[in-house]
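*Asks:* Before I ask anything, here is the structure I am working with.
Below, the structure written as structure tokens:
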């Protein structure tokens, strides 16, 4: 597939799948956990790093993995079960554009089921390495397999990531997300760490804020509103024509003398030894729900340690 065709497909975007009504709806306490799951800034990392991880594991015969001479990766699962008991589905292809520091993961009902937070996905995730971190463009339909049921979620989100004090975080994430049988919402996320990289699973950051707007508004803050001790440097937005105002929640520093925090390689996923208990505090139309929010559905990193 040519780079031009890939860029065209990403630009078009097909909108939500048939399972997700293409309309706004009233945000309630019942739907907020699903919005947090599909709106997580971890989502593109989960899809991208799963394929990259498979490309490093030469011992596997399930799924079948081919690392191409150009650095790309092809994965074919065919419902196989690996030695840890994880079932793999579908196919995935990673295409490398080394000249532009860009990778595109194409997913065809690809995913894994670990009997906890299994998932499959179809669509694309584009990742571009920048001077300060990463830009991602995610357009995927995700089927959650948690709780022994299939439940469809959708995300069309662009995000910019940077590194601060050795923590990769989303400086901003903006886009549209959807939930099966409910509808769609606009997502805005600011200064949210990528919790997957630190052994805390998807959507369990220790800081940051997410806002969902549909017929009404919900705000979710993590770790009782924790924030870095000093404003982190901004993510590279790839826009050389000037910076855009990202709103009052954007804590990006304006000091252009800040040290370059870009990473030279993809951060590894932690083995989960960190303390990951976090309180997700949610409000709807400025009225607090009063308890820490538990996720109805989780999305798992499908590489359990056998030892």
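Residue numbers (the numbering used here): 1047 to 1353. All C-beta atoms in this analysis are idealised placements derived from N, C-alpha and C, irrespective of residue type, glycine included.
Apart from the five residues on each side of it in sequence, which residues of its chain come closer than 7 angstroms, Cβ to Cβ, to residue 1068?
*Replies:* Cβ within range, chain order: 1061, 1062, 1230.
*Asks:* Please report the residue range of the alpha helix (DSSP H) in which residue 1119 lies.
*Replies:* Premise fails: residue 1119 lies in the beta strand (DSSP E), 1119-1122, not in any alpha helix (DSSP H).
*Asks:* So, do the stretch 1210-1222 and the stretch 1231-1245 have three or more beta carbon pairs nearer to each other than 8 angstroms?
*Replies:* Short answer: they touch.
*Asks:* Between residue 1117 and residue 1102, what straight-line distance do the alpha-carbon atoms span, to the nearest angstrom?
*Replies:* About 11 angstroms.
*Asks:* Could you give the distance in angstroms between the alpha-carbon of residue 1038 and the alpha-carbon of residue 1344?
*Replies:* The shown model of the chain, from 1047 to 1353, leaves out residue 1038, and the question about it has no answer.
*Asks:* Do residue 1221 and residue 1203 have their C-beta atoms closer together than 8 angstroms?
*Replies:* The answer is yes: Cβ separation under 8 angstroms.
*Asks:* Is it buried or exposed, residue 1107, if we count other Cβ atoms within 10 angstroms and call 16 or more buried?
*Replies:* Exposed is the call here.
*Asks:* Check whether the stretch 1255-1263 and the stretch 1175-1191 touch, using three or more Cβ-Cβ pairs below 8 angstroms as the test.
*Replies:* These segments do not touch.
*Asks:* Report back the beta-carbon spacing between residue 1223 and residue 1264 to the nearest angstrom; my notes put them in contact at under 8 angstroms.
*Replies:* At roughly 12 angstroms, the Cβ-Cβ gap does not stay under 8 angstroms, so residue 1223 and residue 1264 are not in contact.
*Asks:* Between the C-alpha atoms of residue 1145 and residue 1180, what's the straight-line distance to the nearest angstrom?
*Replies:* Using only the alpha carbons, I get a separation of about 15 angstroms.
*Asks:* Can you give me the start and stop residues for the beta strand (DSSP E) that residue 1336 sits inside?
*Replies:* That run of the beta strand (DSSP E) goes 1333-1338.
*Asks:* Evaluate residue 1161 with the Cβ neighbour count: other Cβ atoms within 10 Å of its Cβ, from every protein chain shown; 16 or more gives buried, anything less gives exposed.
*Replies:* Label assigned to residue 1161: exposed.
*Asks:* Between the beta-carbon of residue 1205 and the beta-carbon of residue 1093, is there less than 8 angstroms?
*Replies:* For residue 1205 and residue 1093, no; Cβs fall outside 8 angstroms.
*Asks:* Can you look up residue 1215 in the DSSP assignment and give me helix, strand or coil?
*Replies:* Residue 1215: strand per DSSP, three-state reduction.
*Asks:* Tell me which same chain residues have a C-beta within less than 7 angstroms of the C-beta of residue 1077, skipping the five on either side of it?
*Replies:* Hits under 7 angstroms: 1225, 1228.
*Asks:* If distances are taken between C-alpha atoms only, which option among 1132, 1152, 1096, 1156 comes closest to residue 1141?
*Replies:* Of the candidates 1132, 1152, 1096, 1156, the one whose C-alpha sits nearest the C-alpha of residue 1141 is 1152.
*Asks:* Does the beta-carbon of residue 1169 have 16 or more other beta-carbons within 10 angstroms, so that it is buried, or is it exposed?
*Replies:* Buried: at least 16 other Cβ atoms inside 10 Å.
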